[in-house]
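Here the structure is laid out as structure tokens; the discussion comes afterwards.
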């Protein structure tokens, strides 16, 4: 999850699918149609007759090694789950779009609605989004426990669609505030919901790579909104069109979720074992059914049959430890300075002759997108913990590089170029670890019963810290200077790397149940 800002205070947040036949009911009593891919045979085997086998050289190691490499290159085990995750990640596209949609048109909106030149009102219009997101994040855990992921996704499109339409038709300050509040409410639910859904639906082997689709969706949404906002520089009413367009992905998300699967883990918790088995067969393969169901039921028997968790359970071990880690990760992520760096990046680009704020934001968005693509490969090869530690160390080096460029007597053009390099390095290293890993590893560490509540708490902390950093950043720069504030960001990044080293366990290639069993001293059992 990554955050960006606009040139108004307080700073707005801009952080950090199917089966191929008629399937039984997933949540609805009537049967619904599911599109998708039956799990293909993923191993290419050479067939031969007995006679051919007898004439073949038995010790041809090179041939066998080559066949083994060919098998690995055709690993398509992620494909059946990919469409479902792609639809869910459309929520993050909406998140990114609504982040970028206010960056340019805020001046036109203020002029048309009568609050131009009032920085406080402009800040409120931008920041009320965070208030809605905070409320949405807190409420999401209870909704997921009761309704499951699919229905929560669909219900959540209501404030997203209404908020976009109300904003597009706004003719007063109160109307635009209502629209942005509704959008924030929907985004707050989605930021919690998407990581939960992906972590519970994705196969263990591909959970990290598929989890980065949410980050990629956010990046694409921001880039799309920035490109779409170019006409706003010449058309003072273009912002209304941008908000109308923002309602369209909401309709697509509501429709798309009708054809996705429910989390098999949630289905087991509510006693729908048959549908859970069908989903596991279609997404993970026949060989995983018995093992997965056995693990699910082992967890359920330990937690009890009550689907709903209580907030007070977060005070009990091991839930309290995971809740602490989740909140601390987002505190460190936000106070490592992503909001401030993105805010100041436009001024940094101006120093090297890039006067257009939209163009500077586009450079930042493309860098973030490139980092997210790298994370999609590294997440399941290097692991979450190593990636997060490396990311924060890279962010620290980037911050100290900018501090060096500001404080030491260097040739002016070289100093500016060094600052640009440090800024882009910071954004890239954030995007490969601190951004996507933070949102992914928290549901992986959380227990099945309290996952929704822990994610709600963690993201609520995220939005509070997001608001505080945006509110205080300019005052801190005015009091201490950019170099000192950036040095502070670098120090927090080092502290974050230390925290990840000592407090996080690696979750790569481990099922959610295996992780929960290892963290819960009252349980005994193995993992898939």
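Residue numbers (UniProt numbering): 1 to 528.
Backbone N, C-alpha and C define an ideal beta-carbon position, used for all residues, glycine too.
The structure displayed is predicted, hence computed values, not measured ones.
Go ahead and pull the three-state DSSP assignment for residue i.
{"i": "residue 153", "result": "helix"}
{"i": "residue 524", "result": "Residue placement at residue 524 cannot be trusted, given a pLDDT of 44 that sits under 50; what the coordinates show is reported in the next sentence. Three-state DSSP puts residue 524 in coil, outside helix and strand."}
{"i": "residue 175", "result": "helix"}
{"i": "residue 297", "result": "helix"}
{"i": "residue 471", "result": "helix"}
{"i": "residue 118", "result": "coil"}
{"i": "residue 79", "result": "coil"}
{"i": "residue 207", "result": "helix"}
{"i": "residue 255", "result": "helix"}
{"i": "residue 320", "result": "helix"}
{"i": "residue 409", "result": "coil"}
{"i": "residue 265", "result": "helix"}
{"i": "residue 450", "result": "coil"}
{"i": "residue 511", "result": "coil"}
{"i": "residue 103", "result": "coil"}
{"i": "residue 516", "result": "helix"}
{"i": "residue 417", "result": "helix"}
{"i": "residue 98", "result": "helix"}
{"i": "residue 270", "result": "coil"}
{"i": "residue 479", "result": "helix"}
{"i": "residue 235", "result": "coil"}
{"i": "residue 382", "result": "coil"}
{"i": "residue 372", "result": "helix"}
{"i": "residue 506", "result": "coil"}
{"i": "residue 169", "result": "coil"}
{"i": "residue 287", "result": "helix"}
{"i": "residue 180", "result": "helix"}
{"i": "residue 308", "result": "coil"}
Could you tell me the alpha carbon to alpha carbon distance between residue i and residue j, rounded to whole angstroms?
{"i": "residue 364", "j": "residue 285", "result": "40 angstroms"}
{"i": "residue 82", "j": "residue 409", "result": "52 angstroms"}
{"i": "residue 238", "j": "residue 109", "result": "10 angstroms"}
{"i": "residue 37", "j": "residue 283", "result": "Annotation note: pLDDT 46 at residue 37 (below 50); position unreliable, no value reported."}
{"i": "residue 338", "j": "residue 274", "result": "45 angstroms"}
{"i": "residue 455", "j": "residue 323", "result": "8 angstroms"}
{"i": "residue 156", "j": "residue 359", "result": "32 angstroms"}
{"i": "residue 388", "j": "residue 497", "result": "7 angstroms"}
{"i": "residue 198", "j": "residue 393", "result": "27 angstroms"}
{"i": "residue 22", "j": "residue 259", "result": "Its pLDDT being 33, under 50, residue 22 is placed unreliably by the model, and the measurement read from it follows with that caveat. If you take the alpha carbons of residue 22 and residue 259, they lie about 11 angstroms apart."}
{"i": "residue 350", "j": "residue 418", "result": "14 angstroms"}
{"i": "residue 97", "j": "residue 219", "result": "9 angstroms"}
{"i": "residue 241", "j": "residue 168", "result": "7 angstroms"}
{"i": "residue 207", "j": "residue 251", "result": "27 angstroms"}
{"i": "residue 485", "j": "residue 431", "result": "21 angstroms"}
{"i": "residue 425", "j": "residue 391", "result": "10 angstroms"}
{"i": "residue 279", "j": "residue 243", "result": "37 angstroms"}
{"i": "residue 366", "j": "residue 272", "result": "43 angstroms"}
{"i": "residue 39", "j": "residue 373", "result": "Note on residue 39: pLDDT 43, under 50, position unreliable in the model; the coordinate value appears next. The alpha-carbon atoms of residue 39 and residue 373 are separated by roughly 25 angstroms."}
{"i": "residue 126", "j": "residue 235", "result": "21 angstroms"}
For residue i and residue j, which I take to be in contact (beta-carbon distance under 8 angstroms), what is that distance rounded to the nearest angstrom?
{"i": "residue 436", "j": "residue 191", "result": "The pair is not a contact, with the Cβ atoms about 13 angstroms apart (cut-off 8 angstroms)."}
{"i": "residue 103", "j": "residue 226", "result": "7 angstroms"}
{"i": "residue 161", "j": "residue 170", "result": "Residue 161 to residue 170, Cβ: 15 angstroms. No contact."}
{"i": "residue 515", "j": "residue 445", "result": "6 angstroms"}
{"i": "residue 570", "j": "residue 334", "result": "Because the chain is modelled from 1 through 528, residue 570 falls outside the range shown and cannot be assessed."}
{"i": "residue 214", "j": "residue 415", "result": "With a Cβ gap of about 37 angstroms, residue 214 and residue 415 do not count as contacting."}
{"i": "residue 506", "j": "residue 385", "result": "5 angstroms"}
{"i": "residue 453", "j": "residue 314", "result": "6 angstroms"}
{"i": "residue 91", "j": "residue 228", "result": "At roughly 19 angstroms, the Cβ-Cβ gap does not stay under 8 angstroms, so residue 91 and residue 228 are not in contact."}
{"i": "residue 395", "j": "residue 491", "result": "Actually they do not touch by this definition, with Cβ atoms about 11 angstroms apart."}
{"i": "residue 142", "j": "residue 379", "result": "Not quite, the Cβ-Cβ distance comes to about 29 angstroms (not below 8 angstroms), so this is no contact."}
So does residue i have its beta carbon nearer than 8 angstroms to some heavy atom of the ligand SAH?
{"i": "residue 490", "result": "This structure does not include the ligand SAH; it has no bound ligands of any sort."}
Please list the terminal residues of the continuous alpha helix (DSSP H) segment that includes residue i.
{"i": "residue 282", "result": "273 to 283"}
{"i": "residue 438", "result": "436 to 445"}
{"i": "residue 215", "result": "213 to 228"}
{"i": "residue 488", "result": "482 to 503"}
Going by beta-carbon coordinates alone, are residue i and residue j separated by less than 9 angstroms?
{"i": "residue 266", "j": "residue 144", "result": "yes"}
{"i": "residue 195", "j": "residue 440", "result": "yes"}
{"i": "residue 330", "j": "residue 438", "result": "yes"}
{"i": "residue 406", "j": "residue 423", "result": "no"}
{"i": "residue 247", "j": "residue 370", "result": "no"}
{"i": "residue 341", "j": "residue 148", "result": "no"}
{"i": "residue 268", "j": "residue 193", "result": "no"}
{"i": "residue 344", "j": "residue 137", "result": "no"}
{"i": "residue 447", "j": "residue 519", "result": "yes"}
{"i": "residue 132", "j": "residue 216", "result": "no"}
{"i": "residue 263", "j": "residue 201", "result": "yes"}
{"i": "residue 222", "j": "residue 180", "result": "no"}
{"i": "residue 487", "j": "residue 400", "result": "yes"}
{"i": "residue 153", "j": "residue 184", "result": "no"}
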